[in-house]
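Student:
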Amino acid sequence: MDTDLPTVSVRLRRADAVVLFDWLMTVDLDTVPITHPAQKQALADLLSGLEYLTDSDVAQSTAEEIEAAQAEVAKDMGW
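Just so we're aligned: the sequence shown equals residues 26 to 104 in the working numbering.
1) With a CB to CB cut of under 7 angstroms and the five nearest residues on each side skipped, what residues in its chain are close to I59?
2) Report yes if the C-beta distance between A42 and L75 is below 8 angstroms; otherwise report no.
3) Check whether the Cβ atoms of V98 and F46 lie closer than 8 angstroms to each other.
4) Which two residues bound the contiguous alpha helix (DSSP H) that contains L75?
5) Given a cut-off of 8 angstroms, decide if L68 and L54 are closer than it, judged by their beta-carbon atoms.
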């Protein structure tokens, strides 16, 4: 990722970050529906950003932590 480009910060609950990281690590990005190649790249960039968070241990989450995070995120679903 080009560090000279403008960036934005996104605040996520740790549980959301764990769920997203786990999904992005396991999903085949070639099968995710996209309408532009940049969407696939943006998902890959998100994965990279979640993996290298300096103030988080999201990438080292255990299976139990992932399951707990999924339960936490799912209970807040309004649909």
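We put the CB at the ideal spot given by N, CA and C, even for glycine.
Tutor: So, to answer that:
1) Your numbering for residue 59 matches position 34 in the sequence shown. So the list reads K65, once near-sequence residues are dropped.
2) As a working note, residue 42 is residue 17 in the sequence shown. As a working note, residue 75 is residue 50 in the sequence shown. In this structure, L75 lies closer than 8 angstroms to A42 by Cβ.
3) Locating residue 98 in the sequence shown gives position 73, where the first residue counts as 1. Locating residue 46 in the sequence shown gives position 21, where the first residue counts as 1. No. Outside cutoff.
4) By 1-based counting over the sequence shown, the position of residue 75 is 50. 62-76 is the span of the alpha helix (DSSP H), which, as asked, contains L75.
5) Here residue 54 refers to the residue found at position 29 when the sequence shown is read from its first residue. Here residue 68 refers to the residue found at position 43 when the sequence shown is read from its first residue. Yes, the pair counts as a contact, with Cβ atoms nearer than the cut-off.
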